[in-house]
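Everything below concerns the one structure shown next.
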Amino acid sequence: MLHVSHLSKSYGIATILDDVSFVLNRGEHAGLVGVNGAGKTTLLRIIAGLEPPDAGFARLDAHATLGYLPQGLVLDDELALDALIRQGVAMWETARCAMNELAARLERDAARPDANEGSTVKSLAEYGAAVARFEALGGYDVETRIEDVLRGLGLENVARDLPIGKLSGGQRTRAELARLLVSEPSVLLLDEPTNHLDVAALEWLEEFIHAYAGAALIVSHDRVFLDHTVSQILELDDVTHRVTIYHGNYSDYEGAKARELEQQWSAYQDQQAELARLTDAARHLRGIAKFRKGGKADTNDKFAKAFFANRGKATVGRAKNIEKRIERLQTDEKIDKPKAGYALKLDFGEMPRSGQMVLQLEEVGHSFDVLRLTNDERRETSNVKRQVSNVNWLFRNVNAMLRHGERIALVGANGTGKSTLLKIIVGELQPTAGRVRLGANVRLGYMPQEQETLDVSTTPLAMVRALMPVGETDARHFLHFFMFERDEVFTPIGKLSYGERARLILAKLVAERSNVLILDEPINHLDIPSRERFQAALDAFPGTILVAVHDRAFIERFASGIWAIEKQTLRAYE
173 MLHVSHLSKS YGIATILDDV SFVLNRGEHA GLVGVNGAGK TTLLRIIAGL EPPDAGFARL
233 DAHATLGYLP QGLVLDDELA LDALIRQGVA MWETARCAMN ELAARLERDA ARPDANEGST
293 VKSLAEYGAA VARFEALGGY DVETRIEDVL RGLGLENVAR DLPIGKLSGG QRTRAELARL
353 LVSEPSVLLL DEPTNHLDVA ALEWLEEFIH AYAGAALIVS HDRVFLDHTV SQILELDDVT
413 HRVTIYHGNY SDYEGAKARE LEQQWSAYQD QQAELARLTD AARHLRGIAK FRKGGKADTN
473 DKFAKAFFAN RGKATVGRAK NIEKRIERLQ TDEKIDKPKA GYALKLDFGE MPRSGQMVLQ
533 LEEVGHSFDV LRLTNDERRE TSNVKRQVSN VNWLFRNVNA MLRHGERIAL VGANGTGKST
593 LLKIIVGELQ PTAGRVRLGA NVRLGYMPQE QETLDVSTTP LAMVRALMPV GETDARHFLH
653 FFMFERDEVF TPIGKLSYGE RARLILAKLV AERSNVLILD EPINHLDIPS RERFQAALDA
713 FPGTILVAVH DRAFIERFAS GIWAIEKQTL RAYE
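Mapping of the sequence shown onto this note's numbering: position 342 corresponds to residue 514, and the numbering continues sequentially without gaps.
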């Protein structure tokens with residue numbers, strides 16, 4: 173169905189793809205993985221026909237159709253949501269309109285007393301043909317499909333006539349995904365489809381793709397999503413720029429990679445042992461040859477001189493053969509040392525310990541309607557409660573306690589107020605009702621979604637030295653804990669990747685000696701290795717953490733408890 177053959181792509185001297193080949197047949201769903209910058213998006217754009225390859229080709233079978241969901245969406249802001257969705261079924265929509273127009277004409281003709289029988293027969297024939305075409309394109313089942321997709325992606329309550337420009341960023345992505353899924357193309361290309369989905373929408377999309385009859389190529393950093401949707405993994409290597417195919421889901425791929433690493437370590441250690449043995453043997457033979465050369469060389473016995481000279485040459489020859497073998501093992505047959513897994517060892521120094529009670533939420537509620545009315549003059553909580561009893565609450569009656577050392581995941585559907593609650597906790601937003609009490613010796617460190625807390629004009633090294641009374645060596649050592657190596661500490665922050673910035677914000681919070689971390693979707697745009705490294709950094713943190721996150725694998729491995737915003741309030745789960 174999808175054929176990619178010997179595809180290569182470079183930008184200037186930088187190779188992105190080199191001789192990439194694979195085939196996806198009908199019903200096959202594959203995950204495309206690789207570190208950020210490996211070329212995953214470039215590969216999808218080439219397959220979608222948006223970029224030309226330097227060599228090779230990507231083609232579909234005859235009559236196959238392709239649907240592509242990019243990361244960076246460019247949509248018509250004036251277009252209504254309903255019109256966008258129906259672009260996915262344009263031929264069906266045209267057939268529906270034609271059928272309805274002919275039906276209306278028949279009604280008008282029937283109401284006319286002077287209706288011509290021949291004209292009516294012709295209109296009936298045209299209407300019958302229009303109905304047949306409409307039904308061939310899916311008929312009224314398409315309308316049901318549209319409703320199902322919108323409901324599954326959490327858009328059922330959005331007004332259909334609302335312009336796209338009025339939607340949030342997450343809603344825009346889900347609207348385009350809905351248009352794509354409604355169209356049911358032969359091949360789906362999805363670039364990070366889970367970024368703006370809550371757990372309910374994620375689970376619905378998993379079921380949709382699992383049952384999808386066409387081929388699918390999915391770029392995702394959600395390990396659980398890949399486990400539930402794909403049957404093979406295409407790994408795009410950032411060094412070789414080629415694709416390696418692994419059968420099974422993401423967990424199977426992780427197991428295969430672990431076995432490969434174990435085998436590579438074994439082969440590397442065997443080769444190192446062989447090199448050591450051969451080096452010792454060559455050194456030993458050279459020593460023997462040197463001894464034999466001088467052993468009888470000072471006698472007048474011509475026979476002895478010739479004998480030892482020949483024996484010495486033979487020994488040197490054997491040594492040279494061994495040295496040639498050593499050279500081959502160090503060049504053509506060299507087995508590279510496997511990259512060791514990153515073992516994070518953070519020393520947080522004299523971090524002040526908070527009290528056992530870190531923060532207490534007492535009857536906290538929020539409504540943006542009331543915020544607009546009372547932003548200049550805050551009223552007493554009791555007065556606010558009386559005056560806003562009929563307003564639209566985002567959440568209310570929230571009571572919870574965060575204790576020292578807890579790792580709490582804050583979850584909830586999109587739009588339920590997770591980011592708003594975090595802003596209230598850190599003091600960036602006043603609650604409409606209730607209050608937040610901080611415990612003794614609490615130092616909050618806050619990581620918002622948009623990373624606006626970083627000065628993009630400075631460097632990681634300069635940032636750390638501005639926050640800590642340390643020299644360059646100690647500052648570089650500190651940044652090394654957060655995986656900033658060598659000259660990376662001099663890179664302007666504005667040129668760092670999203671994952672590098674996320675790690676740098678964590679470093680900033682630690683440098684500021686925060687003992688309570690409040691994190692809003694910190695891993696949203698990180699690739700899977702970066703997510704695992706970020707989690708390792710959090711695991712090493714000795715304080716308390718409250719993190720809004722929807723990555724289910726991260727929650728399962730990291731969280732000691734869950735706060736869920738449900739039905740406009742907060743529920744705590746152990």
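The beta-carbon is built from N, C-alpha and C at its ideal position, and this holds for glycine as well.
Take Leu-349, set aside five residues on each side of it, and the residues of its chain with a beta-carbon closer than 7 angstroms to its own are Leu-241, Leu-325, Pro-365, in chain order. Within the DSSP secondary-structure output, Glu-407 pairs in a beta bridge with Val-205, Thr-416. C-alpha of Leu-389 to C-alpha of Asp-281: approximately 51 angstroms in a straight line. With respect to the C-alpha of Gly-537, the residue from Ser-182, Leu-601, Val-359 having the closest C-alpha is Leu-601. In this structure Phe-306 is in contact with Met-271, their Cβ atoms being roughly 5 angstroms apart against a cut-off of 8 angstroms. Per DSSP, Trp-565 lies in no alpha helix (DSSP H) segment and is marked neither H nor E. The beta-bridge partner set that DSSP reports for Glu-534 consists of Arg-607. Just measuring C-alpha positions, the residue of Ala-736, Tyr-670, Phe-706, Arg-497 sitting nearest Val-583 is Ala-736. In chain order, Val-628, Ser-629, Thr-630, Thr-631 place their CB closer than 8 angstroms to the CB of Pro-664, counting only its own chain and leaving out the 5 sequence neighbours on each side. Excluding residues up to 5 positions away in sequence, Leu-179, Ser-180, Lys-181, Gly-211, Thr-214, Leu-215, His-413 lie with their Cβ nearer than 7 angstroms to the Cβ of Leu-189 in the same chain. Gly-617 is bridged by DSSP to Leu-689.
Excluding its 5 nearest sequence neighbours in each direction, Leu-574 has C-beta neighbours in its own chain below 7 angstroms: Val-530, Leu-531, Ile-580, Thr-716, Leu-718, listed in chain order. By the Cβ criterion, the stretch 667-679 is in contact with the stretch 610-626, since at least three pairs of Cβ atoms, one from each stretch, lie closer than 8 angstroms.
Contact annotation: Met-635 and Lys-667 have beta-carbon atoms that are not nearer than 9 angstroms. A Cβ-Cβ contact shorter than 9 angstroms links Val-321 with Phe-380. Taking 8 angstroms as the upper bound for CB-CB distance, Gly-427 and Glu-578 are not in contact here, some 32 angstroms apart.
By the beta-carbon neighbour count (other beta carbons within 10 angstroms, threshold 16), Phe-567 is buried.
Residues of the same chain with a CB within less than 8 angstroms of the CB of Ser-423, apart from the 5 flanking positions on each side, are Arg-395, Asp-399 in chain order.
Looking at Gly-459, Lys-506, Val-411, the one whose alpha-carbon comes closest to that of Gln-443 is Lys-506. Taking every protein chain shown into account, the CB of Val-570 has 16 or more other CB atoms within 10 angstroms, so this residue is buried. Under DSSP, Ala-581 forms a beta bridge with Val-719, Ile-734. Beta-bridge partners assigned by DSSP to Arg-743: Ala-736. Ala-572 carries a strand assignment under DSSP once its states are collapsed to helix, strand and coil. Thr-187 has Ser-182 as its beta-bridge partners, per DSSP. In the DSSP assignment, Ser-177 forms a beta bridge with Phe-229. Assignment of Ser-526 by DSSP, reduced to helix, strand and coil, places it in the coil class.
Ser-340 is classed as exposed because its beta carbon has fewer than 16 other beta carbons within 10 Å across all chains shown. Cβ neighbours of Phe-706 within its own chain (closer than 8 angstroms, five residues either side excluded): Gly-671, Ala-674, Arg-675, Leu-678, Pro-694, Ile-695, Leu-698. Note on geometry: alpha-carbon atoms of Leu-327 and Glu-534 lie some 32 angstroms from one another. In this structure, the CA atom of Trp-437 is about 20 angstroms from the CA atom of Leu-450. Inclusion of Gly-199 and Ser-355 in the CB contact set at 9 angstroms is not warranted, their separation being larger than that value. By a beta-carbon distance limit of 8 angstroms, Gly-599 does not contact Ser-526. Their separation comes to about 16 angstroms. With 16 or more other CB atoms across the displayed protein chains lying within 10 angstroms of its CB, Arg-703 is buried. According to the DSSP assignment, Ala-387 belongs to the beta strand (DSSP E) that extends over 387-391. A Cβ-Cβ separation of about 16 angstroms leaves Ile-318 out of contact with Leu-251 under the 8 angstroms criterion.
Assignment of Ser-340 by DSSP, reduced to helix, strand and coil, places it in the coil class.
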